[in-house]
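Notes follow once the structure below has been shown.
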Amino acid sequence: KACNGTGYRGRLVIAEVLVMSDQIRQAVLSHATATEIQRIAIDQDMMSMYQDGLRKAADGRTTIEEVLRVATEN
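In the working numbering, the protein residues as written are 4 to 77.
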(Lines of atoms letter the chains of each structure in order from A; the text may use other names.)
(Lines give C-alpha, C1' and ligand atoms only; values in the text may rest on other atoms or scores of the structure.)
Protein backbone atom coordinates (compact mmCIF):
# COMPACT_ATOMS: atom_id res chain seq x y z
CA LYS A 4 0.00 0.00 0.00
CA ALA A 5 1.04 3.58 -0.53
CA CYS A 6 2.59 5.51 2.32
CA ASN A 7 0.48 8.61 1.58
CA GLY A 8 3.64 10.72 1.54
CA THR A 9 4.65 9.85 5.11
CA GLY A 10 7.63 7.66 4.23
CA TYR A 11 6.12 4.80 6.27
CA ARG A 12 4.26 1.75 5.13
CA GLY A 13 2.00 -0.18 7.47
CA ARG A 14 1.63 0.49 11.15
CA LEU A 15 3.82 0.13 14.20
CA VAL A 16 2.41 -0.16 17.70
CA ILE A 17 3.79 2.06 20.43
CA ALA A 18 2.34 0.61 23.61
CA GLU A 19 2.16 1.03 27.35
CA VAL A 20 1.02 -1.93 29.44
CA LEU A 21 0.19 -1.79 33.13
CA VAL A 22 0.58 -5.20 34.77
CA MET A 23 -1.84 -5.56 37.68
CA SER A 24 0.65 -6.59 40.36
CA ASP A 25 -0.39 -7.08 43.97
CA GLN A 26 1.10 -3.71 44.88
CA ILE A 27 -0.79 -1.90 42.11
CA ARG A 28 -3.99 -3.75 42.97
CA GLN A 29 -3.64 -2.59 46.60
CA ALA A 30 -3.03 0.98 45.45
CA VAL A 31 -6.15 0.92 43.27
CA LEU A 32 -8.26 -0.57 46.06
CA SER A 33 -6.91 2.11 48.42
CA HIS A 34 -8.00 4.84 45.98
CA ALA A 35 -4.44 5.95 45.25
CA THR A 36 -4.03 8.77 42.76
CA ALA A 37 -3.06 8.08 39.17
CA THR A 38 0.33 9.63 39.89
CA GLU A 39 0.92 7.25 42.80
CA ILE A 40 -0.08 4.24 40.70
CA GLN A 41 2.17 5.43 37.87
CA ARG A 42 5.11 5.74 40.29
CA ILE A 43 4.58 2.18 41.50
CA ALA A 44 4.35 0.91 37.92
CA ILE A 45 7.56 2.71 36.94
CA ASP A 46 9.30 1.29 40.03
CA GLN A 47 8.22 -2.13 38.72
CA ASP A 48 9.86 -1.40 35.34
CA MET A 49 6.76 -0.46 33.35
CA MET A 50 7.77 1.08 30.03
CA SER A 51 5.77 4.15 29.00
CA MET A 52 4.54 4.76 25.46
CA TYR A 53 7.20 7.44 25.18
CA GLN A 54 9.97 5.04 26.24
CA ASP A 55 8.67 2.33 23.89
CA GLY A 56 8.64 4.85 21.06
CA LEU A 57 12.19 5.98 21.82
CA ARG A 58 13.37 2.37 21.81
CA LYS A 59 11.74 1.80 18.43
CA ALA A 60 13.26 5.02 17.09
CA ALA A 61 16.70 3.88 18.30
CA ASP A 62 16.11 0.60 16.44
CA GLY A 63 15.36 2.58 13.26
CA ARG A 64 11.74 1.43 13.09
CA THR A 65 10.33 4.96 13.45
CA THR A 66 11.62 8.51 13.98
CA ILE A 67 11.92 10.69 17.06
CA GLU A 68 9.59 13.17 15.35
CA GLU A 69 6.88 10.55 15.01
CA VAL A 70 7.29 9.48 18.64
CA LEU A 71 6.97 13.10 19.79
CA ARG A 72 3.86 13.47 17.63
CA VAL A 73 2.01 10.55 19.23
CA ALA A 74 3.38 10.24 22.79
CA THR A 75 4.32 12.57 25.63
CA GLU A 76 7.21 12.22 28.04
CA ASN A 77 4.96 12.13 31.11
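Note that CB positions come from ideal geometry on N, CA and C, so glycine has one too.
Per-residue burial, residue i [other beta carbons within 10 Å of its own, 16 or more giving buried]
{"i": "G56", "result": "buried"}
{"i": "V20", "result": "exposed"}
Spatial distance of residue i from residue j (CA atoms)
{"i": "E68", "j": "A30", "result": "35 angstroms"}
{"i": "K59", "j": "T66", "result": "8 angstroms"}
{"i": "L32", "j": "A61", "result": "38 angstroms"}
{"i": "I17", "j": "A37", "result": "21 angstroms"}
{"i": "S51", "j": "G13", "result": "22 angstroms"}
{"i": "V70", "j": "Q47", "result": "23 angstroms"}
Rounded distance between the beta-carbons of residue j and residue i, thought under 8 angstroms
{"i": "Y81", "j": "E39", "result": "The question about residue 81 has no answer, for the chain in this structure spans 4 to 77."}
{"i": "R64", "j": "L15", "result": "6 angstroms"}
Query raised in the report: Within the chosen definition, does the segment 41-60 reach the segment 15-31 through at least 3 CB pairs nearer than 8 angstroms?
Result: yes
Query - alpha helix (DSSP H) runs wholly inside the segment 15-69, at least 4 long, in chain order - result: Whole alpha helix (DSSP H) segments, 4+ residues: 25-32, 37-46, 52-61.
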